[in-house]
Amino acid sequence: MAFTSLPAQAAAVDCDRVKCLALTFDDGPSEHTPTLLKALKKAGAKATFFLVGKRVEERPEIAGQVVKQGHAIGNHTYSHASLPTHRDDEILDELKVTQEAIEQATGVRATMFRPPYGHTDERVLALADQVELAQILWTGTTLDWQLRDTKKIKAAVLKLAKRDGVILMHDVVPATVKAMPAVLKELKKRGYHLVTVPTLLRGEGPTAGVSYF
Ligand code: NI
Numbered sequence: 214m215a216f217t218s219l220p221a222q223a224a225a226v227d228c229d230r231v232k233c234l235a236l237t238f239d240d241g242p243s244e245h246t247p248t249l250l251k252a253l254k255k256a257g258a259k260a261t262f263f264l265v266g267k268r269v270e271e272r273p274e275i276a277g278q279v280v281k282q283g284h285a286i287g288n289h290t291y292s293h294a295s296l297p298t299h300r301d302d303e304i305l306d307e308l309k310v311t312q313e314a315i316e317q318a319t320g321v322r323a324t325m326f327r328p329p330y331g332h333t334d335e336r337v338l339a340l341a342d343q344v345e346l347a348q349i350l351w352t353g354t355t356l357d358w359q360l361r362d363t364k365k366i367k368a369a370v371l372k373l374a375k376r377d378g379v380i381l382m383h384d385v386v387p388a389t390v391k392a393m394p395a396v397l398k399e400l401k402k403r404g405y406h407l408v409t410v411p412t413l414l415r416g417e418g419p420t421a422g423v424s425y426f
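Position in the sequence shown (from 1) plus 213 gives the number in this note's numbering.
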């Protein structure tokens, strides 16, 4: 089946009818993100980027490109903090300052966040609800930052791929970005439609204060 034109894809994909997978990239934007964006565009794939506020301030134009290409974005805190170890006001600050940085750079307000290191608890989730954010975890993590090897990262993604899965990677890891053209090609060959997290949720979310995956 041919991929439709890029802007139409998100609306056209119905994950109840076709095999969907969400690739997610954390910790950017980085100097490697534009290369990743090119690979995604070439493959007709959509992804979700969880952006670090401090890095959005450093590279606002790259954050803007991510949104322009039709990818989804989320909040990954301002300083990549392990949230449960912080006070309420500090957690709110981490989330709110990042919301502002993302909105300023992209014109879009994030509706999702992902806690750094996956460190979270009920208190963090309740505070995220105050900032109108849903929590997005994952079904599989590649540990790409440890592997740092294109072939191993490709093998890890393919092993974790499953219908309605959410795979965690990092666009700050050069080997991940380098692996993507071959990974995308193989996933498409296996019949996956590569979609954003909101598309994977079939338009029923993300809802603030709810934790997904
Ligand atoms: Ni992270």
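Just so you know, even glycine gets a beta-carbon here, dropped at the ideal spot from N, CA and C. Since this is a predicted model, take the numbers as computed values, not measurements.
{"query": "By Cβ distance below 7 Å, which residues in the same chain neighbour Asp377 in space, the five residues on each side in sequence not counted?", "result": "Cys228, Cys233 and Leu413"}
{"query": "Between the C-alpha atoms of Gly241 and Phe263, what's the straight-line distance to the nearest angstrom?", "result": "7 Å"}
{"query": "Indicate whether Leu407 and Ala256 have their beta-carbon atoms separated by less than 9 Å.", "result": "yes"}
{"query": "Below 9 Å between beta carbons: does that hold for Arg327 and Gly277?", "result": "no"}
{"query": "If you draw a straight line from the C-alpha of Thr246 to the C-alpha of Val279, how long is it?", "result": "8 Å"}
{"query": "Which whole-angstrom value is the C-beta distance of Ala260 and Leu236, which I expect to be below 8 Å?", "result": "5 Å"}
{"query": "Taking only three categories from DSSP, how would you classify Gln282?", "result": "coil"}
{"query": "Would you tell me roughly how many angstroms separate the C-alpha atoms of Lys402 and Gly331, rounded to the nearest one?", "result": "31 Å"}
{"query": "For Val379, write down the residues that DSSP places opposite it in a beta bridge.", "result": "Ala235"}
{"query": "Could you please go through the chain and list the residues whose beta-carbon is closer than 6 Å to any non-hydrogen atom of the ligand NI?", "result": "Asp239, Asp240, His289, His293 and Pro329"}
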